[in-house]
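Counting in full-length UniProt numbering, the sequence shown runs without a single skipped number right up to 513 at its last residue. Beta carbons are placed, not taken as given, at the ideal position from N, Cα and C, and that holds for glycine.
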Amino acid sequence: MKKKLIIIYVCLFGIVFACNDDTLEKTNPNGVTVEGYYKNGAELNSGVTSVYSMLKSNNLVAREWFFLHDLRSDDVAAGGGQLETPRNQLLLGTHDTGNSVLGTVWLAYYRLIHRANAVVDNSEKVTDLADADKKRLLGEARFLRAYAYYELVSLWGDVPLYKNYVLTVDGSLPRSPQEEVYAFIISELAAIQADLPLTYDAANQGRITKGAAQMLLARAHMQKGDYANAKIELLKVYSSGVYALVDNYNDNFLEETEFNKESIFEVNFFPSGGVYNWDGDGNGATAGTETVRTQEYSAIGWRNVIPSNSLLSEFEKTKKGDAKTDPRYDDSFYFTGEKYNKGANTLTDGQQNGNASVVDGMTQKVSWQKYSLMYKMNESFLTGAINQRIMRFAETILSLAEVENELGNTAEAVKYLNMIRARKSVSMPAYPTARFPVSTKDQVFAAIVHEKRVEQSGEQIRNRDIVRWRKNKKLKSEPLAYFQANKHELLPIPQQEVDNNAKIEPGDQNPGY
Numbered sequence: 001m002k003k004k005l006i007i008i009y010v011c012l013f014g015i016v017f018a019c020n021d022d023t024l025e026k027t028n029p030n031g032v033t034v035e036g037y038y039k040n041g042a043e044l045n046s047g048v049t050s051v052y053s054m055l056k057s058n059n060l061v062a063r064e065w066f067f068l069h070d071l072r073s074d075d076v077a078a079g080g081g082q083l084e085t086p087r088n089q090l091l092l093g094t095h096d097t098g099n100s101v102l103g104t105v106w107l108a109y110y111r112l113i114h115r116a117n118a119v120v121d122n123s124e125k126v127t128d129l130a131d132a133d134k135k136r137l138l139g140e141a142r143f144l145r146a147y148a149y150y151e152l153v154s155l156w157g158d159v160p161l162y163k164n165y166v167l168t169v170d171g172s173l174p175r176s177p178q179e180e181v182y183a184f185i186i187s188e189l190a191a192i193q194a195d196l197p198l199t200y201d202a203a204n205q206g207r208i209t210k211g212a213a214q215m216l217l218a219r220a221h222m223q224k225g226d227y228a229n230a231k232i233e234l235l236k237v238y239s240s241g242v243y244a245l246v247d248n249y250n251d252n253f254l255e256e257t258e259f260n261k262e263s264i265f266e267v268n269f270f271p272s273g274g275v276y277n278w279d280g281d282g283n284g285a286t287a288g289t290e291t292v293r294t295q296e297y298s299a300i301g302w303r304n305v306i307p308s309n310s311l312l313s314e315f316e317k318t319k320k321g322d323a324k325t326d327p328r329y330d331d332s333f334y335f336t337g338e339k340y341n342k343g344a345n346t347l348t349d350g351q352q353n354g355n356a357s358v359v360d361g362m363t364q365k366v367s368w369q370k371y372s373l374m375y376k377m378n379e380s381f382l383t384g385a386i387n388q389r390i391m392r393f394a395e396t397i398l399s400l401a402e403v404e405n406e407l408g409n410t411a412e413a414v415k416y417l418n419m420i421r422a423r424k425s426v427s428m429p430a431y432p433t434a435r436f437p438v439s440t441k442d443q444v445f446a447a448i449v450h451e452k453r454v455e456q457s458g459e460q461i462r463n464r465d466i467v468r469w470r471k472n473k474k475l476k477s478e479p480l481a482y483f484q485a486n487k488h489e490l491l492p493i494p495q496q497e498v499d500n501n502a503k504i505e506p507g508d509q510n511p512g513y
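Okay, here's the thing in structure tokens:
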């Protein structure tokens with residue numbers, strides 16, 4: 001039975017907006033205010049827990065987060081007409097400033113930042129905690145805040161940078177330059193590493209570790225094109241002795257093998273009898289206990305998105321199940337005729353809602369297997385409790401391959417790529433191969449692009465890879481068919497933010513919108 005981080009679901013924070021000064025002066029005598037909270041260590045811990053709850057809410061990792069990233073990549077295609085219009089707009093590049101998915105994620109990250117800022121700003125009141133415990137809790141809150149800013153800046157570019165809890169309704173800020181936002185992220189992640197442990201006991205799994213801070217810092221450096229500093233952080237993770245590739249690739253996406261040696265940071269969900277909390281802020285007695293991912297992507301479920309034809313073509317294969325086929329192809333997707341539910345059922349075309357795919361010239365139905373509960377049940381439109389792995393050690397190794405290649409160390413880059421291929425359950429031929437020679441920097445980069453895509457497909461990684469490679473002028477061709485220069489590099493600032501933030505004018509909008 002998997003151990004869980006105990007979550008206390010409280011709605012602690014919020015700015016109350018009203019029409020006049022008289023209304024603003026009124027307080028709810030039954031409510032909890034920020035000013036009256038944080039009297040002790042237990043309350044500080046609850047405050048930090050509320051930040052975690054926001055991250056795992058419906059508006060972020062439990063649902064909208066994975067949609068936003070995947071729909072902005074070329075890993076997915078529409079499962080059919082059941083894909084809702086705002087999501088389909090993101091997939092086709094026809095979204096505008098009013099798109100509800102991007103607006104929801106933007107707002108949710110700022111609510112997370114708001115909660116984290118309240119924790120950081122009020123922590124000085126707490127005097128009954130050991131110094132190390134207090135620093136650790138603050139380190140967790142500061143990491144989650146930095147993570148939110150990393151998501152925002154990498155998707156939207158210049159964004160408002162709130163370093164403190166906002167006390168008044170006129171406390172909104174203008175957009176800060178990307179360089180300033182990245183500088184804040186980098187300084188925060190560097191500062192908290194000493195305060196975070198390498199590991200936790202079973203009762204506290206899911207909390208932020210030193211390795212997670214180092215990995216996020218490496219991500220930030222890579223997005224900026226600073227490969228030398230990214231390498232420093234990646235090597236810290238790599239040489240820590242904490243992480244390793246698990247033998248079975250599929251163990252990274254199953255419920256029974258959560259928090260394994262490969263996991264650096266995962267968002268913790270746990271079974272609640274199919275109860276899903278739709279509250280966007282992660283509040284309530286059932287807050288964030290399950291995720292809707294399996295329902296949205298599974299072969300038997302809504303099947304809103306399916307693997308794209310280009311992704312299916314990326315895998316080295318002859319046919320599914322053939323000895324020369326990359327085993328990750330079998331582990332990542334379900335095909336018609338395949339066994340599921342521990343081998344008790346056979347998947348049919350009729351069970352798979354919506355569109356078919358074209359694989360090597362053949363039309364057939366293909367569905368996502370990663371993070372699907374179908375491996376152990378005859379699933380039909382269920383929510384589930386499989387933890388979402390945000391960072392895993394395979395990313396560390398693949399990122400080391402990328403930075404070594406960019407720094408001119410192609411042999412080292414190939415060494416790291418072959419580690420990924422040598423995983424016991426994968427055991428693919430080492431590079432160079434006939435399809436991927438690795439004699440030059442460009443050839444090694446092509447192998448990196450391939451290996452990252454097949455290893456991390458459908459893991460909300462590809463979108464940011466494309467953004468980074470495009471920004472740093474690494475792409476030889478554009479992966480997104482709809483892409484328009486000076487528009488689709490960034491998402492538009494949500495219209496709700498332009499309307500409500502007095503410091504952002506329509507002219508401050510991102511290009512093309």
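Assumed close pair N304, L83 - CB separation to whole angstroms, cut-off 8 Å = 5 Å
Using 8 Å as the Cβ pair cut-off and three pairs as the minimum, do the region 251-266 and the region 382-391 touch?
-> yes
If you draw a straight line from the C-alpha of F483 to the C-alpha of V366, how long is it?
-> 26 Å
Along the alpha helix (DSSP H) that carries M222, what are the first and last residues, could you check?
-> K210 to K224
State yes or no: is the beta carbon of Q364 nearer than 9 Å to at least one beta carbon in chain D?
-> No chain D is part of this structure, which consists of one protein chain only.
What number of angstroms, rounded off, separates the C-alpha of G103 from the C-alpha of P494?
-> 5 Å
For A77, which three-state DSSP category applies?
-> strand
For L112, I'd like the list of residues in its chain whose CB is within less than 8 Å of its CB, leaving aside the five on either flank, ordered along the chain.
-> V51, M54, L55, L60, L144, R145 and A148
Which ranges would you report for the alpha helix (DSSP H) in the UniProt domain "SusD-like N-terminal" (99-220) if only whole runs of at least 4 residues count?
-> 100-122, 131-156 and 178-192
For W368, the three-state DSSP class (helix, strand or coil) = strand
Whether D331 touches N418 by CB criterion (9 Å) | no
State the Cα-Cα distance for the pair V140 and N45, rounded to the nearest angstrom.
-> As written in the sequence, residue 140 is Glu, which differs from the Val given in the question. Near 10 Å, if we compare the C-alpha coordinates of N45 and E140.
Among V403, D508, V34 and S427, which has the Cα closest to the Cα of T168?
-> V34
Terminal residues of the beta strand (DSSP E) in which F335 lies | F333 to F335
Buried or exposed: which applies to D349, given that a residue is buried once 16 or more other Cβ atoms fall within 10 Å of its Cβ?
-> exposed
Counting Cβ pairs, one atom from each stretch, are 3 or more of them under 8 Å apart for the region 171-179 and the region 149-163?
-> yes
Could you round the C-beta distance between V403 and Y227 to whole angstroms and report it? I think they count as a contact, below 8 Å.
-> 4 Å
Determine the extent of the beta strand (DSSP E) in which V359 is found, giving its start and end residues.
-> S357 to V359
Between R462 and D74, is the Cβ-Cβ spacing less than 9 Å?
-> yes
Alpha carbon to alpha carbon, how far is S477 from A203?
-> 47 Å
Out of curiosity, what's the CA-to-CA distance linking G241 and V48?
-> 28 Å
Whole-angstrom distance between G211 and L90, CA atom to CA atom = 32 Å
Specify the secondary structure class of K26 as computed by DSSP and reduced to three states.
-> Only weak support exists for where K26 lies, its pLDDT of 45 falling under 50; the value from the coordinates is given anyway. It is coil, neither helix nor strand.
Do three or more CB pairs link the region 426-444 to the region 264-281 at distances below 8 Å?
-> no
State the DSSP-derived secondary structure class of E233, mapped to helix, strand or coil.
-> helix
Out of curiosity, what's the CA-to-CA distance linking Y109 and E151?
-> 8 Å
Where D306 sits in the DSSP three-state scheme | For the record, residue 306 in the displayed sequence is Ile; it is not Asp. Looking at I306 - three-state DSSP - the assignment turns out to be strand.
CA-CA distance, P307 and F66?
-> 14 Å
Whole-angstrom distance between G36 and E25, CA atom to CA atom | Note that E25 has pLDDT 44, beneath the 50 cutoff, so the model's placement of it is unreliable and no number is given.
Compute the beta-carbon to beta-carbon distance between M222 and R468, rounded to the nearest angstrom, for a pair I have assumed lies under 8 Å.
-> 6 Å
Buried versus exposed, by CB contacts within 10 Å (16 or more), A213 = buried
Does the pairing of the region 451-462 with the region 394-412 give three or more beta-carbon distances under 8 Å?
-> yes
What residue range is occupied by the uninterrupted alpha helix (DSSP H) comprising R63?
-> Where R63 is concerned, there is no enclosing alpha helix (DSSP H), given that its DSSP letter is neither H nor E.
Could you spell out where the beta strand (DSSP E) holding R392 opens and where it closes?
-> Q388 to R392
In three-state terms, what does DSSP make of M362?
-> strand
Beta-carbon gap between V246 and R423 smaller than 9 Å | yes
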